[in-house]
Each structure stands twice: as structure tokens, then as C-alpha cells.
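Down below is the structure, laid out as C-alpha cells.
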Amino acid sequence: MSVTAFAPETEARFAVARQVADAVLFEGYVLYPYRASAAKNRLRWQFGVLVPPAWGADCEENDFQHTECLMEPKAGATLAVELRFLRARRRTVQQARPDGGFDPVPELRLGDRVLVPWDEGTEERVEAVVAVDDLLGDGVTVPFDRPAGEGTEPVLDEAGRTVGRLVRRCEEISGVLRLSARELDGPYRVLRLTAVVENTSTWTPPVGRAADRDAALPRSLVAAHMLLGLGAGSFLSMTDPPEWARGAIATCRNLHTWPVLAGEPGRTDVVLSSPIILEDHPAIAPESLGALYDATEIDEILALRTAALTDEEKREARGTDERAAAVIDLADSMPPEVLERLHGAVRGLREVTGAAPTAAAAGFPDEYGVARPDTPWWDPASDAGFDPGRDRVVVDGHSLGAGSRVLLRPGLRQTDAQDLFLAGRTAKVEAVLHDVDGGVHLAVTVEDDPGADIRREQGRFLYFQPDEITPLEDGA
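Residue numbers (the numbering used here): 660 to 1135.
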């Protein structure tokens, strides 16, 4: 086994896959509006957090990831593994005293930024190159550790005077990477590769008080994921395997992570095992100009909203984190023609064969060149017969309309992960809506939702079809 730097060809293959792996590593690192004081930046680190075992035993977070996938290595092949994770480095802010000492403060205001306490993320890597034959049997174990450390950085004002300092502390982290393989029965030489990452920290919560997540995070592996590369051979897709391998693929166990083919499209020698579920050969949109750390938003909207922050908000964002400062600078310096690239893109075109429709069949084009059919697909005048606030629909013999109470039973179509949290909740019907295809939808607000009044005022409802709810009572 070797833990030295990868060979140039391995490094080149991993470099392409790291473009997506970096997005996984920093997804949710700091969210719009990129200030530490923002509510959604107070609960940090959501993906791939491997906590110390003593903390994981008392919470719903995990201290390990377990990856299994199939591979067809050639004779003498090697497996290159790169485990990547963030290490939370706790930063505190201190203000200088006249006597030369320093006192902790909640913020330090400078001309261009406002420095506040924050957990920075530093990238860590564990690399190994193993002969595939060595993985058979007991496999290979790669322990790793990172010692605790502390450092300081002076803070200078515009005149170059020391007005404070930043104190950064890292806690000790230890873990182990376990690699093994087993040959499967069958006419082909196929191995099931197992890669397990564990946090082996011996840290335990202080005696006399309950452990909190804030104390466990500096001892955790954050956004942990792996890149796996075969020197000779190929991996099988977990989502689109050949027919003969479907049974073996179905028996693979993947816990808290999911492996996909990565790197250049068409290649099958690199796998990314990610805590965020991805498709094979994931890629960053070519229009994207840089990391915005908030994939729940559209880049165009996020860039516009970031540029519209007040000067004071931008000062706090710049003082929160260097990466947040880079996002602010990116939004402020983005030329209009570059922003226009984010507005939309055609990813693929489908060839249409056959004779072109006649002008009479296609309709005459409008001023934008769009053909208008003789018969419109939707008649706006038909809307006059509907009133969402007064219309009613009969469900299980009950007439439901605005004001009715219902029990939510989503998940029948399994189209939204949030259904998991809404099943069994009670809700109030706000409107009954009809779509142009004749379907009926109930707009509801969830009872006991502290934001229900705001959602109602803004018209931001949740929508369910009649077979996804159970009436609790007849509406008024």
C-alpha cells in the first residue's frame, strides 16, 4: 500500500471529478445572505457529518459511512482512494487593550468588514493507493489523525494599527478507512468493493452536562465523501448496470452515502461516493461562474439578490468568512453580459423528422416567431367560472372548501422528499383550484406552523390532490 501522491494519470482523472466533489464538500457551507447572524447560518454542516461515536450514540447523526459497489478490475490493477472532508476550525474574535492584552468580543467593526466568531472549514484529505489483490480477504485498514492546534492572526485597521486578533483552534480528529473486496460467483470476474469511513475519536461529552452538537462538530468529519479510481478496469453503474449484474447490484449496501460514476462522460474508472444523491457523471453547469454554496437557489436569482444586499450586510458577510467575501465580490463585479448567461441554456436538442407542417396547420407566427394554432389550448375566458376561495370539492362524501380541516396523506406519488415530514399533519384548506387539464388541487396551510399567517398573506401554500388528504370535518 502507498499513501504518497497519486500518479499523474490518476491525478488527472480525479481532477475532473473534483469539480463536482468540491460542490459536495462545500454545499451549504454558508448560505445567502452569507452573514453569520442569518438564522439559516446558525445551524451549520448538514451533509456527510461523521460525529464522534460518543455523540452519535445519543443523537440521530452517524459516525460512519459504508459504500459498496461493483468493479471489474484487470490483472494487477490498483485502487486509488481519496477521502475528503472539512474540519471545523473555530474562530473567535478578540479586541486589543491599551496595555497590549486582548479581550474576547462578539464583533470587531472595521471599515470594510465586521469580524464575528465563526466556524471555518478547512479541507482535509486522506489518500491511499492499494493493489486490488490486497483487498481480498481481510482487506486494508488506513488509520488517520489530525492533531489539535491553535493559531492567531493580527487584525489591522486602515492605518496599519493592531486593533485585535483572530484566534483559531482545531480539535483533534481521528478516523479509519477500511477497504476490502470479495469476488462474486458467476461467469465474469466481478468484485464487490466495500469502503467504510469511521470517526474513531475518543472524545466524550463533559461530565455533568448534556453534550451539544456545537461541541461535537470540531471533532467531526464534515461533508465526508470519497473518490475511488481503478488503475485498470471499470466500475459498474449502480443505477444503470448491465442486466446480468442487476441482482448483485441490488445486494450492495450503501449507508449514509451513494456511489456514482464520475469524471468525464463515458468513463467508468472513477466513482464518487457522496452523501448527496447524484446521478452518474454529474457536472457543474458551464454557465456557473463560481461557488455560491447554496444549490437550493438558481444562480441567476442568487447573484441578483446578493448584489442587492445593503452595504452594511455586505460588510458583515465579508467579515463572516473569506468564501462569503468572495461571493459578495463576485456578485458586485459580474458584468451584465455574464449575468445574461445565467438566464437559461438549452442542454440538448431532439431531432424532428417528417414533413414540415403547413402554415394553415401551424398557425401564423406572432411577432416573436412563435406559431399560433387555430384553436388555443386554453381559453382565458373559462377562468370566469371558477372561484378558488368559494369552490368546493367532495372527498369521501365530505364537501371541502376554504376553512375545512384535513389530514395530510402525501407520498402516494413519491415525488417530494418533504412528504416525509408532512404525513399525518393536520392542515386548513385555503382554496380549491382547478387546472387546465381538469385536475383539482387543494391549497393548504399546516396547522401549528408558526409561519402560517405569513404564508397565507403571501399566498405561499402547499398543494395536494384529493386522494392525498382525509377530511376531518365538513367545511362551513
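The C-beta atom is built at its ideal place from N, Cα and C for all residues, glycine as well. These numbers were taken from a predicted model, which means no experiment stands behind them.
Next on the checklist: Give me the DSSP bridge partner(s) of Leu889.
Outcome noted: Residue numbering aside, residue 889 sits at position 230 when the sequence shown is read from its first letter. Paired residues: Leu738.
Checklist entry - Buried or exposed: where does Gln1117 fall if 16 or more other Cβ atoms within 10 Å of its Cβ makes it buried? => result Against the sequence shown, residue 1117 aligns to sequence position 458. It counts as exposed.
Next on the checklist: My output table needs one value for Gly978: the three-state DSSP class, helix, strand or coil.
Outcome noted: As a working mapping, residue 978 is identified with position 319 in the sequence shown. Here DSSP, grouped into helix, strand and coil, assigns Gly978 to helix.
Item to check | Segments assigned beta strand (DSSP E), at least 3 residues, entirely inside the stretch 824-888 | outcome: For the stretch 824-888, whole beta strand (DSSP E) runs of length 3 or above, ordered along the chain, are 832-842, 850-858.
Next on the checklist: Would Arg1049 and Gly1060 be called neighbours here (beta carbons separated by less than 8 Å)?
Outcome noted: Counting from one through the sequence shown, the residue named residue 1049 turns up at place 390. Counting from one through the sequence shown, the residue named residue 1060 turns up at place 401. Judged by their CB atoms, Arg1049 and Gly1060 are nearer to each other than the 8 Å cut-off.
Next on the checklist: Our contact map puts Pro692 next to Glu972 with C-beta atoms below 8 Å; I'd like the distance itself, whole angstroms only.
Outcome noted: Counted from its first residue, the sequence shown places residue 692 at position 33. Counted from its first residue, the sequence shown places residue 972 at position 313. Indeed, because the Cβ distance is near 6 Å, the residues count as touching under 8 Å.
Next on the checklist: Given this structure, state the Cα-to-Cα distance separating Gly978 from Leu774, to the nearest angstrom.
Outcome noted: As a first step, residue 978 is located in the sequence shown; it is residue number 319 there, counting from the start. As a first step, residue 774 is located in the sequence shown; it is residue number 115 there, counting from the start. A direct Cα-to-Cα measurement between Gly978 and Leu774 gives close to 4 Å.
Checklist entry - Does DSSP put Gln705 in a helix, in a strand, or in coil? => result As a working mapping, residue 705 is identified with position 46 in the sequence shown. Residue state, collapsed to three classes: coil.
Next on the checklist: I need the straight-line Cα distance from Thr853 to Arg672, nearest angstrom please.
Outcome noted: Taking the sequence shown and counting its residues from 1, one reaches residue 853 at position 194. Taking the sequence shown and counting its residues from 1, one reaches residue 672 at position 13. The C-alpha of Thr853 lies about 21 Å from the C-alpha of Arg672.
Next on the checklist: Quick check on the DSSP output: the beta strand (DSSP E) that includes Asp762 runs from which residue to which?
Outcome noted: To locate residue 762, count along the sequence shown from 1; it is residue 103. According to the DSSP assignment, Asp762 belongs to the beta strand (DSSP E) that extends over 761-763.
Item to check | Straight-line gap, Val930 to Glu842 (C-alpha atoms, nearest Å) | outcome: One-based indexing of the sequence shown puts residue 930 at position 271. One-based indexing of the sequence shown puts residue 842 at position 183. The straight-line gap from Cα to Cα measures roughly 19 Å.
Next on the checklist: So Gly1154 and Leu989 are supposed to be a Cβ contact under 8 Å. How far apart are they, rounded?
Outcome noted: The structure shown does not extend to residue 1154, since the chain spans only 660 to 1135, so no value can be given for it.
Next on the checklist: Contact defined as beta carbons within less than 8 Å: I believe Val814 pairs with Leu767. What is the distance between those atoms, to the nearest angstrom?
Outcome noted: Sequence index remark: in the sequence shown, residue 814 carries index 155 (1-based). Sequence index remark: in the sequence shown, residue 767 carries index 108 (1-based). Contact between Val814 and Leu767 is confirmed by a C-beta separation of about 6 Å, below the 8 Å threshold.
Checklist entry - Residue ranges of each alpha helix (DSSP H) run of no fewer than 4 residues wholly in the stretch 908-993, ordered along the chain? => result Runs of the alpha helix (DSSP H) inside the stretch 908-993: 958-966, 970-979, 981-992.
Checklist entry - For Asp758, which of helix, strand or coil comes out of DSSP? => result Walking along the sequence shown from the start, residue 758 turns up at place 99. Here Asp758 sits in coil by DSSP.
Next on the checklist: Is Asp1126 close to the ligand FMN? I mean its beta-carbon at under 7 Å from any heavy atom of the ligand.
Outcome noted: Because no ligand of any kind appears in the structure shown, any question about the ligand FMN cannot be addressed here.
Item to check | Exposure label - Thr1136; buried when at least 16 CB within 10 Å | outcome: Residue 1136 lies beyond the residue range present for the chain, which begins at 660 and ends at 1135; the question has no answer from this structure.
Checklist entry - Pick from Asp1055, Leu1092, Ile1113: whose alpha carbon is nearest that of Ile1128? => result Position 469 of the sequence shown, counted from the first residue, corresponds to residue 1128. Selected option, being the one with the closest Cα: Asp1055.
Item to check | Glu1132 - containing alpha helix (DSSP H), residue span | outcome: On the sequence shown, residue 1132 is found 473 positions in, with the first residue counted as 1. Where Glu1132 is concerned, there is no enclosing alpha helix (DSSP H), given that its DSSP letter is neither H nor E.
Checklist entry - Whose C-alpha, out of Ala682, Asp778, Val710, is nearest the C-alpha of Arg701? => result Stepping through the sequence shown from its first residue, residue 701 is reached at position 42. Looking at Ala682, Asp778, Val710, the one whose alpha-carbon comes closest to that of Arg701 is Asp778.
Item to check | For Ala942 and Glu1136, the rounded distance between their alpha carbons | outcome: Because the chain in this structure spans residues 660 to 1135, residue 1136 falls outside the shown range and cannot be described.
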